[in-house]
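Residue numbers (our numbering), protein chains in the order written: chain A, 849 to 1014; chain B, 807 to 923.
Following: one structure in structure tokens, then a few remarks.
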Amino acid sequence: MDKNKVSIHDVVSEKDSEKREQKYNKYVKDVTPTHNYVLNTLKAFFVGGIICTIGQGFTNLYMQMGLDKETAGLYQIITLVLLSVVLTGLNIYSKLAKFGGAGTVVPITGFANSVAAAAIEFKTEGQVFGIGCKIFTICGPVILYGIFSSWVLGLVYYFLKMAGIV
Amino acid sequence: MDYVKAFFVGGLICAAVQIFMDNTKLMPGRIMVILVCLGAVLGALGIYEPLIDWAGAGASVPLSGFGNTLYKGIKEAIDKDGFIGVFKGGFTASAVGISTALIFSYIASWVFKSKMQ
């Protein structure tokens, strides 16, 4: 038998109360399910990497079709968002998210997923106060703080530019 | 080669965020906000754009790329229009991403039923 493992039987049969406490703590620690950090990280790496690679594939495709780099990048975003919304509607993205963790949250598809999932989930609460309000539940803060932080940074850039520093 | 770069850089950003998430238990919404703000700051420091030039979609697809786009849009608008650009460039640059997410999601709400229950 594994010497380091403590069974509940050991805990109960231990007479010395101090030792029993120690054993009990060890037992609780043993049976508490722990996140497998390494595995989670690897999954996030692969899922996130694959989503970015698919994005790169679309950018390359659109550039081959004769678009410039910037426009191709924008169509790539449109494509990824569309794919993410459809996968969200089909309830596939949530399954992917369970597996890929941050790998599905970090890419732009995670942003699109948060918008689409809210729109679909809250449509029973009405067009305005259901979909209209709730569609911004997660993307609203992202837009607010994104716009605000870049506005602050933009102000800094403007004044540095006026001062002739940049 | 650009596929390998996109895969590794995109994967590394996601892996780093996964480690951060596992250690802080922050919800995805907060993670997205942090990433966008971080992207804007890295963009302003001139670090993010070279990364996009090197890694392509590996750096532009993660939400930090979205933050960088916001800052870049504001900077370009300032260079073009002066002070009004501070208020103009952010939404201009992010228009495609935000519009498509909202429009497609709204259409999706007609088509799909909630499977949450």
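In this text, a Cβ means the ideal position worked out from N, Cα and C, and glycines have one as well.
| said: For I858 of chain B, which residues in the same chain have their Cβ closer than 6 Å to its Cβ, ignoring the five residues on either side in sequence? | reply: A865, S866
| request: Establish whether the CB of Y1083 of chain A and some CB of chain B are separated by less than 7 Å. | output: Because chain A spans 849 through 1014 in this model, residue 1083 of chain A falls outside it and cannot be assessed.
| message | Given a cut-off of 7 Å on the beta-carbon distance, is the pair G845 of chain B and G873 of chain B in contact? | response | yes
| Looking only at C-alpha atoms, which of A:F977, A:L935, A:G958, A:T919 sits nearest to A901 of chain B? | A:T919
| Hey, how far is the Cα of I819 of chain B from the Cα of K863 of chain A? | 52 Å
| request: Using a Cβ cut-off of 7 Å (strictly closer), state whether I825 of chain B contacts chain A. | output: yes
| query | Comparing alpha-carbon positions, which option in A:P955, A:T972, A:L1001, A:A1011 lies nearest A822 of chain B? | reply | A:P955
| Distance CB(T952 of chain A)-CB(A945 of chain A) smaller than 7 Å | yes
| field | Cβ neighbours of G949 of chain A in the same chain (closer than 7 Å, five flanking residues each side left out) | value | N888, K891, A892
| query | Taking the continuous alpha helix (DSSP H) assigned at Q904 of chain A, which residues delimit it? | reply | 885-912
| Hey, would you say T898 of chain B sits closer than 7 Å to G871 of chain B, going by beta carbons? | No.
| task | Decide if T830 of chain B is buried, meaning its Cβ has at least 16 other Cβ atoms within 10 Å, or exposed. | result | exposed
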